[in-house]
Each structure stands twice: as structure tokens, then as C-alpha cells.
Amino acid sequence: MINSQNQTYQFPENFLWGGAIAANQAEGAYNQGGKGLSTQDVAPKGIMGPITEEPTEDNMKLIGIDLYHRYKEDVKLFAEMGFKVFRTSIAWSRIFPKGDELEPNEEGLQFYDNLFDECHKYGIEPLVTLSHYETPLHLSKEYDGWVNRKMVGFYERYVTTVFNRYKNKVKYWLTFNEINSILEAPFMSGGIYTSKEKLSKQDLYQAIHHEFVASASAVKLCHEIIPTAQIGCMMLSMPTYPLTPNPDDMIKVMEFEHSNYFFGDVHVRGRYPGYMKRYFRENGIEIQMEAGDEEMLLNTVDFISFSYYMSICQTADPEKQIAGEGNLLGVYLTLICQQVNGDGRLTRKDCVMSLTCSMTAIKNHCLL
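Just so you know, we're using our numbering here: the sequence shown kicks off at 32 and counts up by one.
This is how it looks when you write it as C-alpha cells:
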């Protein structure tokens with residue numbers, strides 16, 4: 032509640048305060064309960080390191096916080112924190128271990144029954160992401176993930192299964208977590224086994240199209256199976272600023288924002304925006320649409336959700352494109368550092384290094 036100039040502002044009584052995790056971050060039990068391997072099980076360093084042939088002991092996600100076995104005490108702690116909503120995800124490979132089976136894994140389905148029941152016990156609404164960075168590994172290796180059109184059918188079978196199973200327990204859904212992150216992390220986000228360096232723009236944007244169709248299909252299925260539910264998309268939000276007032280930097284900002292806003296535009300408007308059609312023409316990309324795809328995309332989401340970690344800068348000057356490795360994208364240096372003889376100020380190189388230091392150190396040694 033905020034009081035300002037004799038006016039009172041407050042959140043509505045039914046506002047959903049809560050927190051969020053992902054199955055691959057928290058559940059652990061990666062090889063228990065009939066679960067198959069997912070892409071996360073062979074990515075011990077996340078996006079910052081290479082994938083492995085098999086799960087390795089240095090992969091902390093294999094254990095997580097052991098939510099799979101300790102969900103009751105964890106949900107109780109959420110309730111003590113005052114949660115009214117709990118965003119989590121369903122591990123696709125816990126329901127369909129390989130991803131292309133015809134029948135689901137009952138033990139996996141029962142786990143989420145138990146988890147959602149425990150949430151409702153404390154008056155907490157589950158908000159469930161259908162796919163959160165954990166494509167079944169078999170689908171990644173055998174089909175190259177979302178590059179392959181067959182993924183749409185596998186995903187539809189999976190979401191139909193969980194919609195029918197949890198239609199009386201979950202009324203808020205998300206189709207894909209941070210779907211636009213596929214641009215930077217095609218293996219993690221899209222289960223694409225082809226390395227990023229070898230992945231063509233044609234294949235990347237074809238994979239994105241397949242995800243769009245699958246997402247729209249999930250919206251359609253959700254509205255049919257659970258008419259009272261709401262289903263949305265999930266975006267990685269990265270407010271972007273020009274590094275300098277140079278108009279070329281502003282153009283770079285516009286181009287970068289188009290590449291991300293594109294995902295929201297398709298989910299909300301049900302069609303490809305003109306600026307992306309132009310991008311496709313200029314880059315020789317031809318999206319292969321099957322009959323019915325355009326009509327399917329018209330099944331638009333009920334809401335947009337997003338995660339915000341950071342703002343970033345863009346520049347057209349290659350000499351200023353100094354990127355760090357601490358974030359998904361890295362960030363261009365936004366500090367202007369000067370070397371002044373005898374006064375102790377840092378060089379530009381030193382200032383880059385100081386990004387790992389405290390803000391006090393940066394303030395003391397760099398010109399902002």
C-alpha cells in the first residue's frame with residue numbers, strides 16, 4: 032500500500048504474489064520415477080560450457096534441491112512466505128521419457144498430481160510452464176529438436192496429456208519459457224543438437240516457426256480442454272539502449288529489439304510482422320509453412336509474461352563491442368574510462384576488469 036498526496040494505492044486483494052522455479056533447476060531425481068534424460072542432464076555448465084555424452088557428477092541440476100522427494104516441506108515453506116502463486120514447470124521427460132512414445136509415464140504424472148495437491152492445500156495457485164529448457168534428450172539427438180517438424184506432434188501429445196490430467200488443478204499455463212532465448216541458446220532453449228556455430232539462420236528460424244505453431248496449438252488445446260484456464264507466452268525481456276547518441280547505434284537497438292519483439296508479436300497478433308518478413312527476404316530465409324499453419328497461429332495467448340534480468344546496450348562500432356561472459360548475451364561496456372597520468376584512474380582495459388568488482392570500486396575508479 033502506498034499513500035501519496037492523500038491518495039491510497041494498493042494491489043487488489045486477489046493479486047497473486049509468489050515465486051518461481053523450474054523442474055530442471057529444483058526437482059533432482061533425474062533418473063528416478065521413470066524419468067528420461069533431458070537436455071539439462073548433459074549440460075553441467077549450462078550455456079557457458081560444452082554438453083556431455085552422459086550425465087556427470089559436476090552437474091548440480093541432477094540433484095537440485097531434491098524437490099521431487101521434499102516437495103511437501105518446500106511447499107510449506109512457500110506458504111510461510113505468503114505465496115499465493117507458485118510458478119513451476121513440468122519436466123517433459125518425466126511424462127514422456129523419450130518424448131516420442133505413445134503412452135505417458137504414470138509415475139511422472141502422479142508426482143505432479145501430488146505437487147499441485149500440496150499447493151492447493153495451502154491456497155497456492157500453480158502456474159505451470161509446459162516446456163522450460165528441458166527438451167527430452169532423445170528428441171534432441173534423434174530429431175535435432177525443434178528444427179524437425181515432428182516436434183509439433185510430440186509436443187501436442189504431451190500437452191494434451193497434461194491438460195486432461197490437471198484440468199481441475201491448474202488454471203494458469205505458459206507454453207514455452209523465454210521462447211526468444213533460442214536465438215542465443217538453441218540447444219538449451221530449443222533442444223537443437225546441431226552446434227550454434229553450424230546452425231544456419233534458415234534452420235534456426237524454421238525451428239522458431241515450429242515452436243510458434245506448437246505454442247498456438249497448445250493455446251487452442253487448452254481453451255478446448257480447460258475453458259476456464261488462461262494460457263500465455265513467456266519472454267526474456269532485455270531493455271536495450273544505444274551505447275552512444277550515434278544514429279547507427281540507434282539502428283542497432285531497433286534491429287535487436289525487433290529480433291525479440293517478433294516473438295511477442297506472433298503470440299499476440301497471430302501473424303508474422305512486416306519487419307521480420309523483410310529480415311527474412313534480406314537474409315535468404317524462407318519459412319516452410321504447412322497447410323493450416325497461418326490459421327493455427329491465430330490462436331493467440333491470453334497474456335504475456337516475462338523475466339527481466341538486465342538491460343543491455345548495442346553499438347555499431349566494432350571497437351566498442353566489448354562483451355562480458357557473465358550473462359546470456361554478454362553486455363557492451365557502458366562505462367567510459369580514461370587514463371589520467373598520476374591520478375590513479377583506470378585504463379579502459381582495467382575498467383572492463385573492474386566490472387567484476389563492487390560498485391564502490393567502479394564508482395571510485397571510473398568516470399561514469
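A virtual CB, placed ideally from N, CA and C, is assigned to each residue, including glycine.
Here the structure is a predicted model, which means the values were calculated and not measured.
Residue i - DSSP class collapsed to helix/strand/coil
i	result
S336	strand
L329	coil
W204	strand
F114	coil
N319	Inspection of the sequence shows that residue 319 is occupied by Gln rather than by Asn. Three-state DSSP puts Q319 in coil, outside helix and strand.
S226	coil
Q38	strand
I343	strand
T70	helix
T119	strand
L349	A small correction: the amino acid at residue 349 is Pro; Leu does not occupy that position in the sequence shown. Helix at P349.
E403	For residue 403 there is no data in the structure shown, the boundaries of the chain being 32 and 399.
L93	helix
E134	coil
G301	coil
I82	coil
K129	coil
Continuous alpha helix (DSSP H) stretch holding residue i: start and end
i	result
A238	K232 to I256
P276	Neither: P276 is in no alpha helix (DSSP H) and is coded neither H nor E.
I353	No alpha helix (DSSP H) holds I353; DSSP gives it neither H nor E.
L146	E137 to K152
P86	Where P86 is concerned, there is no enclosing alpha helix (DSSP H), given that its DSSP letter is neither H nor E.
P5	Since the first residue shown for the chain is 32 and the last is 399, residue 5 is missing from the structure and cannot be characterised.
Y61	No alpha helix (DSSP H) contains Y61, which DSSP labels as neither H nor E.
S220	P217 to G221
F311	G305 to E313
F185	K181 to Y197
K172	L168 to Y174
For residue j and residue i, believed in contact at Cβ under 8 Å, the rounded distance
i	j	result
L133	S336	No, L133 and S336 are not in contact; Cβ-Cβ is about 32 Å, not under 8 Å.
P167	F142	Not really, about 16 Å apart at Cβ, beyond 8 Å.
E187	A122	Not confirmed; about 18 Å, so no contact.
S86	V73	The sequence shown places Pro at residue 86, not Ser. So it is a contact: roughly 6 Å between Cβ atoms.
Y99	F147	The Cβ separation is near 14 Å, so there is no contact.
K232	I316	6 Å
N55	H163	7 Å
V159	S120	7 Å
K351	A260	Contact doesn't hold; Cβ gap of about 47 Å is too wide.
L161	V190	6 Å
L267	S212	5 Å
K66	A57	Contact flag wrong, Cβ pair sits at about 14 Å.
I256	F194	4 Å
G50	F114	6 Å
Own chain residues within Cβ distance below 6 Å of residue i, not counting five before or after
i	result
K227	P217
E137	none
E156	V116
Y272	C344
M307	F293
T192	P135
M269	I343
Y153	A110
I78	A216 and M219
Range of the contiguous beta strand (DSSP E) that encloses residue i
i	result
S268	Q261 to S268
G49	G49 to A51
L24	Lying before the first or after the last residue shown, residue 24 is absent from the chain, which here runs from 32 to 399.
I126	Premise fails: I126 lies in the alpha helix (DSSP H), W123 to I126, not in any beta strand (DSSP E).
Sequence-distant residues of its chain with Cβ nearer than 7 Å to residue i (five each side left out)
i	result
G222	T70, T166, L170, S171, G176 and W177
V332	V250, I262, G263, C264, H298 and V299
M91	none
E173	none
Residues near residue i in its chain [Cβ-Cβ closer than 8 Å; skip 5 each side]
i	result
N330	A247, S248, V250, K251, H254 and G301
S389	Unreliable placement is indicated for S389, whose pLDDT of 27 sits below 50; the coordinate value is still reported in the next sentence. If we look at S389 and ignore the five residues flanking it on each side, it has no Cβ neighbours.
A347	N277, D279, D280, I282 and K283
A53	T119, S120, T160, H163, Y164, E165 and N208
K103	E149
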